[in-house]
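A.B. asks: Same order as they appear, the protein sequences are chains A and B.
Note that my numbering has the first sequence beginning at 1271, numbered continuously upward.
Note that my numbering has the second sequence beginning at 1271, numbered continuously upward.
Cβ atoms here follow ideal geometry from the backbone N, Cα and C, with glycine treated the same way.
Pasting a structure below so you can have a look.
There are 2 protein chains.
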Amino acid sequence: MGVSTTPEPDGSVPVTAARVPQGERTRLMRLRLMEATVESLVEVGWTGTTTTVVSQRAGVSRGAQLHHFPSKQDLVVAAVDYLTERRRLELGVTAADLPEQGRTRAALELIAAQYVSPVFFAALELWVAARTDEALHEAVVRLERRFGRDAHANMIALLDIDERRGRNRQLVQATLDLARGLGLAASLTDDSARRASILDAWAETLDRELET
Amino acid sequence: MGVSTTPEPDGSVPVTAARVPQGERTRLMRLRLMEATVESLVEVGWTGTTTTVVSQRAGVSRGAQLHHFPSKQDLVVAAVDYLTERRRLELGVTAADLPEQGRTRAALELIAAQYVSPVFFAALELWVAARTDEALHEAVVRLERRFGRDAHANMIALLDIDERRGRNRQLVQATLDLARGLGLAASLTDDSARRASILDAWAETLDRELET
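Below you can see the structure in the form of structure tokens.
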């Protein structure tokens, strides 16, 4: 990669951007652009998110940004991918982390938290923009399907649900749709007390209705 | 109002805009602008909705439109109001319209339909835009509260629920949040089969869990 490691006159090795291999620098810059896109979506929404705003926020030159992502479309489709990965990482809690007592309620808390987060609010911006934007639509649908499958599998694993029994499969799906509805409400106002009360009742309902 | 009704030479009375009193003409023009704003939100979303697009779509001169609604903000805040009224009108079905057999499932069909409609998709555009737009935020929060109260009262009436009993109140709230989550999913892809299956299971759950 021809990166110089010539010592300075005082014997130290200069710590400059040039010391990071090109491939790694590109990867980091793309990562900064993705992070900045998500932050921008959270703070100023789809309309306010422009390639100029994102490159400034990421501290990346306009030229470099346009080289990697020539349009807002390219930038945002890449960000959808990145965002889906971030959301999947948030699913990482395992059944072992849940208490024995109040297990269902604790699982619901985790599931709801995935939809009451800046990452969900950024996804919501893309989701709604995708409704009327064909190029974005395809990317968002593909990735939401992937996220939906993972979220479903995650809940099954958290509560050790046998989804071949009774209405279990539908109750899991309903839980995820409920969580999405609660997330949409939370994007507008802080309604955490209302949400907690609904999740209490929902946990009790699931405990009675899920077939083991 | 000094509107001419002079007959034409052939004896007919000319049917022109001038025959409609000024107050009524203004009301109709505002109505056309509101309808056009909602249609524009449904078809091209918040970003694509501009005052120019709306005045063209409504067939209203740019000058007249700007006279009534000087900015996109003014136009959209008025449209939120109009939209809330339209959504409330959709709540007009009464318990008497529901069948005795499968009453809960039929009520859920009506409730879900309120969130899988162009009017909800337009509201969704405003909802998400309001998250990052202060002036719009206040209007949307106020009107969503009103719509939320009405939707709640509507479900209580449809299923003759005593909300002082058990977890009934929370189950009603959960149903509306579930319906919102299903509506959000439907905004992206047609998932009516999945939705029907969830509502089947949910109707059965409500029949078992609601206390009478």
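The alpha helix (DSSP H) with R1439 of chain A in it runs from where to where?
C.D. replies: Residues 1438-1456.
A.B. asks: Can you list the residues of chain A that T1459 of chain B reaches, using a CB-CB cut of under 8 Å?
C.D. replies: V1411, listed in chain order.
A.B. asks: Are the beta-carbon atoms of W1316 of chain A and L1458 of chain B separated by less than 8 Å?
C.D. replies: No.
A.B. asks: Expressed to the nearest angstrom, what Euclidean distance is found between the alpha-carbon atoms of S1274 of chain B and S1462 of chain B?
C.D. replies: Its pLDDT being 44, under 50, S1274 of chain B is placed unreliably by the model, and nothing is read from it.
A.B. asks: Quick one: give me the first and last residue of the alpha helix (DSSP H) that S1467 of chain A is part of.
C.D. replies: It spans 1462-1479 - the alpha helix (DSSP H) in which S1467 of chain A sits, taken as one unbroken run.
A.B. asks: To the nearest angstrom, how far is the alpha carbon of E1481 of chain B from that of T1475 of chain B?
C.D. replies: Those two C-alpha atoms are separated by around 12 Å.
A.B. asks: For A1392 of chain B versus M1425 of chain B, is the C-beta distance shorter than 8 Å?
C.D. replies: No.
A.B. asks: According to a CB-to-CB cut-off of less than 8 Å, which residues of the stretch 1463-1481 of chain A neighbour chain B?
C.D. replies: Cβ contacts with chain B: R1464, S1467, I1468, D1470, A1471, W1472, E1474, T1475, R1478, E1479.
A.B. asks: Would you say F1417 of chain A reaches chain B, if we count a Cβ-Cβ gap shorter than 8 Å as a contact?
C.D. replies: It does not; no Cβ of chain B falls within 8 Å.
A.B. asks: So, is the C-beta of Q1440 of chain B closer than 8 Å to a C-beta in chain A?
C.D. replies: Yes, contact with chain A.
A.B. asks: Over the uninterrupted alpha helix (DSSP H) stretch that includes A1392 of chain B, give me the two end residues.
C.D. replies: Looking at the DSSP string, the run of the alpha helix (DSSP H) that includes A1392 of chain B is 1388-1401.
A.B. asks: I need the boundaries of the alpha helix (DSSP H) containing A1334 of chain B, first residue and last residue.
C.D. replies: Note, A1334 of chain B: alpha helix (DSSP H), 1332-1338.
A.B. asks: Excluding sequence positions up to five away, which residues of its chain have a Cβ less than 7 Å from the Cβ of V1410 of chain A?
C.D. replies: Here the set comprises V1350, L1396, W1397, A1400.
A.B. asks: So, for L1298 of chain B: in the same chain, excluding its five sequence neighbours on each side, which residues have a beta-carbon less than 8 Å away from its beta-carbon?
C.D. replies: V1290, listed in sequence order.
A.B. asks: Please list, in chain order, the chain B residues whose beta carbon lies closer than 8 Å to that of A1399 of chain A.
C.D. replies: Result: G1315, T1317.
A.B. asks: With a threshold of 16 other CB atoms inside 10 Å of the CB of D1447 of chain A, please say whether the residue is buried or exposed.
C.D. replies: Its Cβ being crowded by 16 or more others within 10 Å, D1447 of chain A is buried.
A.B. asks: Leaving out five residues before and five after A1382 of chain A in sequence, what residues of the same chain have Cβ atoms less than 7 Å from its Cβ?
C.D. replies: Closer than 7 Å at the Cβ level, and outside the excluded window around A1382 of chain A, lie A1449, L1452, R1465, L1469.
A.B. asks: Kindly indicate which three-state DSSP category S1310 of chain B falls into: helix, strand or coil?
C.D. replies: Helix, per DSSP.
A.B. asks: Using a 10 Å radius around the Cβ and a threshold of 16 neighbouring Cβ atoms, would you call D1403 of chain A buried or exposed?
C.D. replies: When all chains shown are included, D1403 of chain A counts as buried.
A.B. asks: Here's the rule I'm using: 16 or more other beta-carbon atoms within 10 Å means buried, otherwise exposed. How should T1319 of chain A be labelled?
C.D. replies: With 16 or more Cβ atoms within 10 Å of its Cβ, T1319 of chain A is classed as buried.
A.B. asks: When we look at the beta-carbon of Q1443 of chain B and count the other beta-carbons within 10 Å, is it buried (16 or more) or exposed?
C.D. replies: Buried, since its Cβ has 16 or more Cβ neighbours within 10 Å.
A.B. asks: Out of A:L1303, A:R1300, A:L1429, which one is the CA nearest neighbour of E1370 of chain A?
C.D. replies: Looking at the Cα atoms, A:L1429 is the closest of the given residues.
A.B. asks: Comparing C-alpha positions only, which one of B:V1308, B:L1454, B:H1407, B:R1415 sits nearest to Y1352 of chain B?
C.D. replies: Here the closest residue by C-alpha is B:V1308.
A.B. asks: What residue from B:F1390, B:R1419, B:R1416 has the CA that sits closest to A1455 of chain B's CA?
C.D. replies: Comparing Cα-Cα distances from A1455 of chain B to each of B:F1390, B:R1419, B:R1416, the minimum goes to B:F1390.
A.B. asks: Among A:V1312, A:V1314, A:F1339, which residue has its Cα nearest to the Cα of V1325 of chain A?
C.D. replies: Residue identity check: residue 1325 of chain A is Ser in the sequence provided, not Val. Out of A:V1312, A:V1314, A:F1339, A:F1339 has the C-alpha closest to the C-alpha of S1325 of chain A.
A.B. asks: Nearest by alpha-carbon distance to R1300 of chain B: which of B:E1313, B:T1364, B:D1344, B:A1471 is it?
C.D. replies: Nearest C-alpha to R1300 of chain B: B:D1344.
A.B. asks: Sort B:T1374, B:W1472, B:E1379, B:L1394 by Cα distance to I1431 of chain B and report the nearest one.
C.D. replies: For I1431 of chain B, the nearest C-alpha among the options comes from B:T1374.
A.B. asks: Using a 10 Å radius around the Cβ and a threshold of 16 neighbouring Cβ atoms, would you call A1328 of chain A buried or exposed?
C.D. replies: Buried, since its Cβ has 16 or more Cβ neighbours within 10 Å.
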